[in-house]
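What follows is a single structure, written as structure tokens, with notes after it.
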Amino acid sequence: MNISDIAVNEIISNALKEDMGTGDITTNATISEGAMAKGRFIAKEDGIICGLWVCQRVFETLDKNAKFTALKKEGEAAKNGETIAEISGSAKNLLTAERTALNLLQKMSGIATKTAAAVAQISGAKAKIADTRKTTPGLRLLEKYAVLAGGGTNHRFNLSDGILIKDNHIAAAGSIAAAVGLAKANAPHTLKIEVECETLADVKEALDAGADIIMLDNMTNADMKKAVELIGGRAIVEASGNMGDKDLLEAAMTGVDIISVGALTHSAKNLDISLKLRVE
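Its first residue numbered 65, the sequence shown is counted upward by one per residue in the working numbering.
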């Protein structure tokens, strides 16, 4: 996944502006101008580390001379109590950047950890775990990167990435067949067409209309297995709908190709990571 430096820098800039306001009053009042500091980032629980390079860039945004050393690779596991990175630089700048850096690092590591757990649940099955667009506004790029670091795959990044005909599109068009027909007539031929289906009858209609991907929305495992048999390899099959609350292995064993889990991003708990600084 290629991440634009401009996009990441904009995320960091906005996050720092939000946190700093007109300035870090506490740090400015208590820390001398020339003071230097060193610090260690410590994992306070087991998890998958993601976003160290983003964390580094936060500090470098305020202090270009800050020295950051990552002791873990992206997507690598860390144990409770383990030092995952070290930082040194201006004490004032490190203290001011601390919360923004930790917020992003903890969020990305939490998503990577939740994703890795989901991937592990279906180990040995052909299905892949994918994210959704249920992301934090403004942070989608980093959150989807974190899914990849945890071993998952990415669904659409935005509405221009692919055609996904859902229930409201179908209602507006009049039927699945009508919606697919309109998509074929009006959208670029290079884009695949995915259709959300709630029943086996929907699946048959979508197949007959020429859908490339069939999304099985909130179906039982028994119905998903029947749908996979009905589709018979003529389309990619995606399981969706509150999958974070379901047994992912049982869903995978129905034969679906993709299991999309919105909870990877919208319900991931931040990984507990602390920064311990020592002013010199």
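Don't be surprised by glycine CBs; every beta carbon is placed ideally from N, CA and C.
Point to revise | Buried or exposed by the 16-neighbour rule on C-beta atoms within 10 Å, applied to residue 85 | key: Around the beta-carbon of residue 85, fewer than 16 other beta-carbon atoms lie within 10 Å, marking it exposed.
Point to revise | Cβ-based neighbour list, residue 121, same chain, cut-off 8 Å, excluding 5 preceding and 5 following | key: Once the five neighbours on either side are set aside, the close Cβ partners of residue 121 are 72, 73 and 76.
Check your understanding: Taking the alpha carbon of residue 132 as the point to measure from, which residue in 158, 344 and 114 has its own alpha carbon closest?
Key -> It is 158 whose Cα lies nearest to the Cα of residue 132.
Check your understanding: How would you label residue 96, buried or exposed, when you count the other beta carbons within 10 angstroms and need 16 or more for buried?
Key -> So residue 96 ends up on the exposed side.
Practice item. Assuming residue 216 contacts residue 172 (C-beta within less than 8 Å), just tell me the rounded distance between them. Key: That pair is no contact at about 13 Å.
Point to revise | Cβ neighbours of residue 332 in the same chain (closer than 7 Å, five flanking residues each side left out) | key: Apart from the 5 residues on each side of it in sequence, residue 332 sits with its Cβ closer than 7 Å to the Cβ of 174, 175 and 178 in its chain, given in chain order.
Check your understanding: From which residue to which residue does the beta strand (DSSP E) around residue 12 run?
Key -> Residue 12 cannot be examined here, being either before or after the span of the chain that is shown, 65 to 344.
Review point. So what does DSSP say about residue 154, is it helix, strand or coil?
Key: Strand.
Practice item. State yes or no: is the C-beta of residue 339 within less than 7 Å of the C-beta of residue 153? Key: Taking C-beta atoms as the reference points, residue 339 and residue 153 fail to come closer than 7 Å.
Review point. What span of residues does the beta strand (DSSP E) with residue 121 cover, start to end?
Key: Looking at the DSSP string, residue 121 is not in any beta strand (DSSP E); the run it does join, the alpha helix (DSSP H), is 116 to 126.
Review point. For residue 308, which of helix, strand or coil comes out of DSSP?
Key: Reduced to three states, the DSSP call for residue 308 is helix.
Review point. For the stretch 271 to 286 against the stretch 295 to 302, are there 3 or more C-beta pairs whose distance is under 8 Å?
Key: Cβ pair count under 8 Å is three or more, so yes.
Check your understanding: From residue 226 to residue 243, what distance separates their C-alpha atoms?
Key -> When rounded, the separation of the alpha-carbon atoms in residue 226 and residue 243 is 14 Å.
**Study point:** Cβ pair count under 8 Å reaching 3, the stretch 140 to 149 against the stretch 305 to 315
**Key:** Here the stretch 140 to 149 does not lie against the stretch 305 to 315, with fewer than 3 beta-carbon pairs under 8 Å apart.
Review point. Where residue 326 and residue 182 are concerned, what is the direct C-alpha to C-alpha distance, given to the nearest angstrom?
Key: The alpha-carbon atoms of residue 326 and residue 182 are separated by roughly 12 Å.
Exercise for review: Could you check the C-alpha separation between residue 201 and residue 208 for me, to the nearest Å?
Suggested key: Rounded to the nearest angstrom, the two C-alpha atoms are 12 Å apart.
**Study point:** Segment limits, alpha helix (DSSP H) that includes residue 293
**Key:** Residues 285 to 295.
Exercise for review: Could you tell me the boundaries of the alpha helix (DSSP H) in which residue 265 lies?
Suggested key: Residue range 264 to 273 is occupied by the alpha helix (DSSP H) that includes residue 265.
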